[in-house]
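**Q** This structure is in structure tokens; I'll ask about it shortly.
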Amino acid sequence: MMLDVFQILSVVFGLTGNVLINCRNSNGFRYWIASNCIAIGVMAMANLWWMMIMFFAYLVLAMDGLRKWNSEINPSVSSKSQV
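Per our numbering, numbering of the sequence shown is gapless, rising by one per residue and ending at 109.
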């Protein structure tokens, strides 16, 4: 039963993330990160190791996407000082 709750949360967060990214809202990456963390736990509890690896890769990609998005919106102080 508890596993079902986590699966539902992962799906809802993942879909919410997609909608937000389609609306050009960087919070979508945060929802993806949460979704992937939950999915990694679900896959580990279900002994679905290859799926867990896939969601870990998605987690890394979402974190990288958020980092890139933030660096485009808010350039770091060091890059400003080089200009």
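Ideal Cβ positions, reconstructed from N, Cα and C, are used throughout, including at glycine.
1) With H, G and I counted as helix, E and B as strand and the rest as coil, what does DSSP make of Asn73?
2) Using the Cα positions of Asn51 and Ile99, report the straight-line distance between them to the nearest angstrom.
3) I need the DSSP call for Cys63, collapsed to helix, strand or coil.
4) Please report the Cβ distance between Tyr57 and Gly67, rounded to the nearest whole angstrom; I am assuming they are in contact, meaning their Cβ atoms lie under 8 Å.
5) When DSSP labels each residue in this structure, what does Asn51 get in the three-state scheme?
**A** Inspection of the coordinates gives the following:
1) Taking the sequence shown and counting its residues from 1, one reaches residue 73 at position 47. DSSP places Asn73 in coil when its eight states are reduced to three.
2) As a working mapping, residue 51 is identified with position 25 in the sequence shown. As a working mapping, residue 99 is identified with position 73 in the sequence shown. About 12 Å.
3) In the sequence shown, counting from the first residue as 1, residue 63 sits at position 37. Cys63 falls in the helix class under three-state DSSP.
4) On the sequence shown, position 31 is the one that residue 57 refers to. On the sequence shown, position 41 is the one that residue 67 refers to. With a Cβ gap of about 16 Å, Tyr57 and Gly67 do not count as contacting.
5) Your numbering for residue 51 matches position 25 in the sequence shown. Coil.
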